[in-house]
Amino acid sequence: MQVYPDKLEAQLKRQLAAAYLIAGDESLLQRDAVDAIRASAAKAGFTTIETTIQDAGFDWQAWLSSCSEMSLFGEQRLLELRLSTAAIGVEGSKAICEYLSNPAPDSILLVTAPRISGE
């Protein structure tokens, strides 16, 4: 489901999704959306934020394994994945799709990316 920035707050008040993708060139809008999701997640008890930055040579399988691990103290987690490019390749696409097919029940995935082109 696509949610525009002006509707995000209302959507977050209704329900937190298992995953979010925030993409675009407007860094202020992106930061505001991330802050709103973090605040709503914290209010819902997601106390741990685990941030991963994707770069050249990124190990997608290691990322997928870390997302599947249970939290040490049973804490709910916000898993932030910061993409350096929207073109993550086949391996990256497969890893994210695999996670989304069976998301961890105690986690929310928050992916941030530069603008996604229609190519």
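Numbering (my numbering), first residue to last: 55 to 173.
Beta carbons are placed, not taken as given, at the ideal position from N, Cα and C, and that holds for glycine.
To which residues does DSSP link residue i through a beta bridge?
i	result
residue 161	131
residue 105	134
residue 139	BP columns for residue 139 are empty, so no partner.
residue 167	77
If residue i and residue j are in contact, beta carbons under 8 angstroms, what's the gap, nearest whole angstrom?
i	j	result
residue 169	residue 132	23 angstroms between Cβ atoms; not a contact.
residue 107	residue 136	5 angstroms
residue 72	residue 157	4 angstroms
On the three-state DSSP scale, how would you describe residue i?
i	result
residue 75	strand
residue 146	helix
residue 88	helix
residue 70	coil
residue 65	helix
residue 123	coil
Taking C-alpha atoms, which residue in the options lies nearest to residue i?
i	options	result
residue 89	146, 58 and 63	63
residue 109	115, 83, 81 and 139	139
residue 147	113, 56, 85 and 81	113
residue 87	69, 105 and 60	60
residue 104	120, 80 and 74	120
residue 94	83, 76, 127 and 69	69
residue 130	101, 82 and 65	101
residue 159	122, 143, 149 and 141	122
residue 142	162, 163, 128 and 111	111
CA-CA distance, residue i and residue j?
i	j	result
residue 166	residue 124	23 angstroms
residue 56	residue 155	18 angstroms
residue 152	residue 134	16 angstroms
residue 116	residue 145	12 angstroms
residue 96	residue 58	21 angstroms
residue 67	residue 79	26 angstroms
residue 77	residue 150	15 angstroms
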